[in-house]
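In what follows, a structure is listed as structure tokens, so that the remarks can point back to it.
Numbering (our numbering), first residue to last: 126 to 270.
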């Protein structure tokens, strides 16, 4: 059942290529890559924990949690837009005499209906923080306060 060294290297290279293109693979995708290579040689598929163990023994890879990110939100991550918003807040505070102690905060979150939430993906070991996977913004949103 064992993959050849060159096959494992090919899987790592393919994972890195997917990451460069912004498509972090899930463990199930890595398993599918291995099984495809084994199928060509008429071998049995990998075991249930093979993909997780493969990532553990490859120093250049790591499993991290992925966060789905709406396409329209990703477009708004322009620093000029964000700076403009903070200038608008400062101007409004000055115009209406709003003091810092008069401001309140509450938590708001939004999620898309019918979309899978966070999940584990394979990424490069040096990467810090959660990955964001941008998805099309053509879904219905719900806001919870």
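Glycine included, each C-beta is placed from N, C-alpha and C at the ideal position. Given the structure is predicted, the values throughout are model-derived calculations rather than measurements.
Burial state of residue 231, where buried means 16 or more other Cβ atoms lie within 10 Å: exposed
8 Å Cβ cutoff met for residue 287 and residue 186: Only positions 126 to 270 of the chain appear in this structure, which leaves residue 287 out of reach.
Three-pair Cβ contact test at 8 Å for the stretch 131–141 versus the stretch 155–163: yes
Residues bridged to residue 174 [DSSP beta-bridge criterion]: According to DSSP, which records beta bridges pairwise, residue 174 is partnered with nothing at all.
Neighbour-count burial assignment, residue 184, 16 or more Cβ in a 10 Å radius: exposed
Buried versus exposed, by CB contacts within 10 Å (16 or more), residue 171: buried
Per DSSP, cross-strand counterpart(s) of residue 249: 186
Inter-residue Cα distance where the pair is residue 147 and residue 251: 16 Å
Residue 155 burial status per 10 Å Cβ neighbour count (16 or more: buried): buried
Supposed contact pair residue 191 and residue 244 - C-beta distance, whole angstroms, cut 8 Å: 6 Å
6 Å Cβ shell around residue 180 - same chain, five flanking residues per side excluded: 186, 188, 247
DSSP state of residue 151 mapped onto helix, strand, coil: strand
Limits of the unbroken alpha helix (DSSP H) element including residue 212: 204–221
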